[in-house]
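Below is one structure; the comments refer to it alone.
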Amino acid sequence: MDQSLFIRPKLINRVKAKSLIGSAEQSRGAKMNKLELLRTFVRVSELSSFTLAGESLGLPRSTVSEHVQALEALLGTRLLQRTTRKVQATQDGLVLYERSKDLLSHMDEIEGLFRQDEASLSGRIRVDMPNILARRLVMPRLPQFMARHPNLQMEISSTDRRVDLLSEGFDCVLRVGAQPDQSVVARHLGDFSMINCASPAYLERYGVPQTLEDLAQHRLVHYVGVLGSRSEGFVYEEGGQVRRLPMAGSITVNSTDAYESACLGGFGLTQVPRTGMQPHLENGELVTVLPQYTAPAMAISLLYARQRHLPLRVRVFMDWLGEVVRSTL
């Protein structure tokens, strides 16, 4: 690799670099090149952890450390500051990180030009999505995708918290709702129409609301992202504006699974995407109410890192996941 690719090159300790590279080669049993060193360094910089970078790359922590040491010796400068709690890039490390991201992205793109056989896809895909979408939508259909690509390794996180795509090492994230993060790309898949629903047992006890005024005698299951924060109340659109009506309620939850269970248990009204509750509506476990006062549709998007190239395996999975979601809208 041309050393002019790096900013401010310093005196290179070639003897030390050769020793470290040789040690790392023995630990992996394969020839190591400069691109591998850069790829390891970039992952450590993104995750601020040798351990997490090793897990992401499928390498032992010791090999990750050897890669970084070899790169530092090769360039003659310290790239990372190591403490007991975290790993942080030095000024030279920050410069190298910015240049290396583009370089590695270009190399992946070049390799992808000659690896277009989807049947031979291999490697790991790490994805995050809401609990209810994983359970209802994705997991039942995933065996069909894996049958077409048996050499892939899937890591699926199902959580309702807002994960950090980059620092937690996700290839993509399926997210419902607003996307304020400008550091990622959001591929809009569609919009979930919203409904208000309750269990028959709840409606038998409190009655079926016909107007907004009736809600003063009803209970709402409150959903919040973080326990302790304030619920929006009953949300609805009227005259092109979004309005919020405070409501009483005896239970507050912060997960979609608990939200669904609370509604089925008769704790109150909920406002949810129709897609998630359709099975309960069809079998009579839940009933829709106040259809003229529903919350705005919720966007569903696939998020991925703002970079020029995605590995083919990730692009193929995202295309499949997008088709799955759109088929339910």
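So for the sequence shown, the working numbering puts the first residue at -14; every next one is plus one.
Beta carbons: idealized from backbone N, C-alpha and C, even for Gly.
Open item on the list: Taking the straight line between their C-alpha atoms, what separation do you get for glycine 251 and aspartate 199?
Closed with: 18 Å
Task: Nearest-angstrom beta carbon gap, proline 185 and valine 272 [assumed within contact, 8 Å] - done: 6 Å
TODO: In angstroms with no decimal places, state the Cα-to-Cα distance between arginine -1 and arginine 46.
DONE: Confidence at arginine -1 is low in this model, with a pLDDT of 43, below 50, so the placement of that residue should be treated as unreliable; the coordinate-derived value is given next. About 24 Å.
TODO: Less than 8 Å between the CB atoms is what I'm expecting for leucine 64 and threonine 75, so what's the real figure, rounded?
DONE: 6 Å
Open item on the list: According to DSSP, simplified to helix, strand and coil, what is glutamate 308?
Closed with: helix
- [ ] Quick one: using the 10 Å Cβ neighbour count with 16 as the cut-off for buried, is histidine 207 buried or exposed?
- [x] buried
- [ ] Go ahead and label histidine 203 buried or exposed: buried means 16 or more other beta carbons lie within 10 angstroms of its beta carbon, across all protein chains shown.
- [x] buried
Open item on the list: So, for serine 240: in the same chain, excluding its five sequence neighbours on each side, which residues have a beta-carbon less than 7 Å away from its beta-carbon?
Closed with: Asn116 and Asp145
Task: From Leu106, Arg160 and Tyr221, residue whose alpha carbon lies closest to that of aspartate 176 - done: Arg160
Open item on the list: Across the stretch 274 to 291 and the stretch 126 to 145, are there enough close Cβ pairs to call them in contact, namely three or more that are closer than 8 Å?
Closed with: no
Open item on the list: Please report the straight-line C-alpha distance between arginine 67 and arginine 133, rounded to a whole angstrom.
Closed with: 43 Å
Open item on the list: Check this for me: beta carbons of glycine 108 and arginine 298, under 9 Å apart or not?
Closed with: yes
Open item on the list: With a threshold of 7 Å on Cβ separation, who are the neighbours of serine 235 within its own chain once the five nearest residues in sequence on each side are excluded?
Closed with: Arg204 and Phe252
- [ ] Give the DSSP-derived three-state secondary structure of glycine 261 in the structure shown.
- [x] helix
- [ ] With distances taken Cα to Cα, identify the nearest neighbour of phenylalanine 302 among Val227, Ala233, Leu230 and Pro128.
- [x] Pro128
TODO: Determine the burial state of glutamine 167: buried for a count of at least 16 other Cβ atoms within 10 Å of its Cβ, exposed for fewer.
DONE: exposed
TODO: Compare the C-beta of arginine 146 against all C-beta atoms of chain B and say whether one is closer than 9 Å.
DONE: Reference to chain B is not applicable here, since this structure consists of a single protein chain.
Task: With 16 other Cβ atoms within 10 Å as the buried cut-off, status of leucine 20 - done: exposed
- [ ] Determine the DSSP secondary structure at arginine 111, reduced to helix, strand or coil.
- [x] strand
Open item on the list: DSSP has serine 143 in a bridge; who is on the other side?
Closed with: Met114
TODO: May I ask you to report which of helix, strand or coil DSSP gives leucine 212?
DONE: coil
Open item on the list: One question on the structure: do leucine 32 and leucine 60 come within less than 9 Å of each other, judged by their Cβ atoms?
Closed with: no
TODO: Determine the burial state of glycine 131: buried for a count of at least 16 other Cβ atoms within 10 Å of its Cβ, exposed for fewer.
DONE: A small correction: the amino acid at residue 131 is methionine; glycine does not occupy that position in the sequence shown. The residue is exposed, with fewer than 16 neighbouring Cβ atoms inside 10 Å.
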